[in-house]
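Working notes for the structure below.
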Amino acid sequence: MLVSRLGKFSVSLLVLAAILLVMVGCGNDEASSPTVPEDPAPPVAPYGLTIAKATASGVKLSWNPSPDLDVVGYLVYVSTNGNLYYDKLTSAPISRTTYLFPNPVEQADYSFRITAINAAGLESSRTAPLAFIWDGGPVDATEHDPAGSRPGSSPPSGGPGHSEDDDRDPHGGGSD
């Protein structure tokens with residue numbers, strides 16, 4: 001009889017332990033799980049790309065930051081002599097809103113563009129291209145001259161620097 005009671009007690013104890021394990025294992029794990037946005041969106045592109053200064057040692061680009069709060073940096077691109085392909089000048093995002101393009105070549109036709117990168121690693125659309133032909137003389141300006149009347153600059157065009165990114169909504173929406 002004692003063996004029978006111990007057996008029932010052992011079975012009851014095992015059942016109770018199993019129920020407790022199931023209850024503990026089915027708890028809410030939200031506090032320990034990282035939150036990942038369901039549908040992350042790329043950031044809004046920076047704007048206002050300008051040539052702040054140009055000398056034989058470099059062309060200083062400047063732009064206004066993306067208004068998105070999760071932007072971690074910017075990538076800088078250049079195209080030369082009407083090439084439709086843009087080369088990335090920065091291997092990783094830079095946090096500042098200026099960039100010095102070193103050693104420009106006289107009479108080379110440059111086109112610059114900037115993108116923003118957010119915390120999720122998504123890249124914005126590119127800024128409108130900023131066309132620039134350096135004539136060898138110093139350029140010191142606070143704003144790019146869209147008419148191209150300042151020495152050393154040329155107006156932006158929809159030609160060689162134009163891409164489908166230009167057709168995107170400047171506030172982050174795309175036409176795709």
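Following this note's numbering, the numbering of the sequence shown begins with 1 at its first residue and continues without gaps.
Ideal Cβ positions, reconstructed from N, Cα and C, are used throughout, including at glycine.
Inter-residue CB distance, residue i and residue j (contact presumed, cutoff 8 Å)
i      : j       : result
Pro-65 : Ser-124 : Their Cβ separation, rounded to whole angstroms, is 11 Å, which puts Pro-65 and Ser-124 out of contact at 8 Å.
Val-76 : Phe-112 : 7 Å
Leu-49 : Ile-114 : 6 Å
Other residues of its chain near residue i: CB distance less than 6 Å, five sequence neighbours each side excluded
i      : result
Asp-70 : Asn-118, Ala-119
Thr-90 : Leu-75, Val-76
Asp-87 : Val-78
Ala-52 : Lys-60, Ser-62
Tyr-99 : Leu-61, Val-76
Distance CB(residue i)-CB(residue j) smaller than 8 Å
i       : j      : result
Phe-101 : Val-59 : yes
Per DSSP, cross-strand counterpart(s) of residue i
i      : result
Ser-62 : Thr-50, Thr-98
Lys-75 : The amino acid occupying residue 75 in the given sequence is Leu; Lys does not appear at that position. Paired residue(s): Thr-115.
Thr-55 : Gly-58
Spatial neighbours of residue i in its chain, beta-carbon cut-off 8 Å, leaving aside the 5 residues before and after
i       : result
Ala-56  : Asn-103, Pro-104, Gly-136
Pro-46  : Trp-63, Asn-64, Pro-65, Ser-66, Tyr-74, Thr-97, Ile-114, Thr-115, Ala-116, Ser-124, Thr-127
Tyr-110 : Val-59, Val-78, Ser-79, Thr-80, Phe-101, Pro-104, Ala-131, Phe-132, Ile-133, Trp-134
Pro-40  : Asn-118, Ala-120, Leu-122
Val-72  : Pro-93, Ser-95, Ile-117, Asn-118, Ala-119
Glu-106 : Trp-134, Asp-135, Gly-136
Ala-108 : Thr-80, Asn-81, Ile-133, Trp-134
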